[in-house]
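In the working numbering, each number is its position in the sequence shown, counted from 1, plus 51. C-beta atoms are modelled at their ideal positions from N, C-alpha and C, and glycine is treated no differently. Let me begin by presenting the structure, written as structure tokens, before commenting on it.
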Amino acid sequence: MGVSEELIPMSKLVYLFSTSSHADAISINSLDIQLLQPKIDFSKYDHLIITSKQVSNALHKYDDKSYRDLKALCISEQSALAFEEIGGKILELGSGYGDSLVKTIKRYPKETRWLYLRAKVIASDFTQICSWDGYSIDEMIVYESKCSQDILETKIDDNAILIFTSPSSVVCFLKRNKISSNSHVIVIGTSTAKALPKGVAYTISKKRTIQSCIDLSGEL
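Structure (structure tokens):
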């Protein structure tokens, strides 16, 4: 005797909103990235600060000899891996959150000259906090982003698992969609969680990686 289809539990669809994809999710590109090439004198600095893999993509526009001797303070494993792939060297790894970099930077002498390579829009003001305490951090915008047509035009199942990997992915999704109370939301960190509307329940992944978010989705 066959089992009624009504008794078979249906798996929730998993949507990943990110600039990266994953085989175990419906991957929706969240942002279109424009790489910039401002003039930078890398010789003025002791170390780089990198909080996104997009920075490494932008660095391809520069002669690698100009920055290859500068070690980078990277916010996460992913940003560090991207920098290593272009021949960069890692100074230290952060815990995945911009605000956590403050403690790391303050372990170095105030005379240390930092260059923060960043997006046009950022979620953390850690550089301002450090500057108030006398630390020298210059900032240079090397890329900017806008909501992709993919995320603006996407339609999702109401009973789904939604994975957001940045505050921007949340903001872009909400331009044309609402988060159903039947959906499970997974975010990659606290900054992303803060971008969610009030009252939306969410779970933060154990590690600041897409794989950690995917692993968590399998437990829901």
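Same chain, Cβ closer than 6 Å to residue i, five either side skipped, listed in chain order
| i | result |
| --- | --- |
| residue 88 | 112 |
| residue 140 | 122 |
| residue 84 | 105, 194 and 196 |
| residue 100 | 124, 165 and 167 |
| residue 263 | 256 and 257 |
| residue 267 | 237 and 256 |
| residue 161 | 185 and 186 |
| residue 214 | 67, 237 and 264 |
| residue 172 | none |
Closest Cα partner of residue i within the set the options
| i | options | result |
| --- | --- | --- |
| residue 119 | 142, 129 and 255 | 142 |
| residue 230 | 207, 77 and 144 | 207 |
| residue 189 | 263, 91 and 267 | 91 |
| residue 212 | 71, 78 and 70 | 78 |
| residue 199 | 69, 71 and 82 | 82 |
| residue 145 | 270, 267, 259 and 205 | 259 |
| residue 251 | 242, 232 and 210 | 232 |
| residue 174 | 151, 205, 183 and 161 | 151 |
| residue 227 | 249, 203 and 172 | 203 |
| residue 127 | 63, 216 and 62 | 216 |
| residue 96 | 191, 218, 249 and 135 | 191 |
8 Å Cβ shell around residue i - same chain, five flanking residues per side excluded
| i | result |
| --- | --- |
| residue 109 | 86, 87, 88, 168, 193 and 194 |
| residue 253 | 236, 237, 238, 244 and 247 |
| residue 270 | none |
| residue 137 | 107, 110, 111 and 115 |
| residue 182 | 188 |
| residue 54 | Residue confidence for residue 54 is low, a pLDDT of 40 falling below 50, so the modelled location carries little weight; the figure read from the coordinates is stated next. Excluding sequence neighbours, residue 54 sits near nothing in its chain. |
Contact check, residue i vs residue j, beta carbons under 8 Å
| i | j | result |
| --- | --- | --- |
| residue 176 | residue 80 | no |
| residue 76 | residue 66 | yes |
| residue 180 | residue 222 | no |
| residue 210 | residue 242 | no |
Cut-off 7 Å between Cβ atoms - residues of its own chain near residue i, not counting five sequence neighbours on either side
| i | result |
| --- | --- |
| residue 103 | 130 and 170 |
| residue 93 | 117, 118 and 121 |
| residue 57 | Since pLDDT at residue 57 reaches only 46, below the 50 mark, its modelled position is unreliable, and the value read off the structure follows with that caveat. No residues qualify anywhere along the chain. |
| residue 158 | none |
| residue 220 | 68, 69 and 81 |
| residue 71 | 261 |
| residue 133 | 104 and 107 |
| residue 135 | 141 |
Supposed contact pair residue j and residue i - C-beta distance, whole angstroms, cut 8 Å
| i | j | result |
| --- | --- | --- |
| residue 98 | residue 163 | 7 Å |
Entirely enclosed beta strand (DSSP E) segments - the stretch 206-232, minimum 3 residues = 211-215
key: Every unbroken beta strand (DSSP E) within the stretch 115-168, with a cutoff of 3 residues, ordered by chain   = Runs of the beta strand (DSSP E) inside the stretch 115-168: 122-125 and 141-144.
ask   = Counting only runs that start and end within the stretch 175-201, where is the beta strand (DSSP E) found for 3 or more residues in a row?
value = Counting only unbroken stretches of 3 or more residues, the beta strand (DSSP E) elements lying wholly within the stretch 175-201 are 187-198, in sequence order.
query = Can you list the beta strand (DSSP E) stretches of 3 or more residues lying completely in the stretch 61-92, in chain order?
reply = 64-69, 77-80 and 82-86
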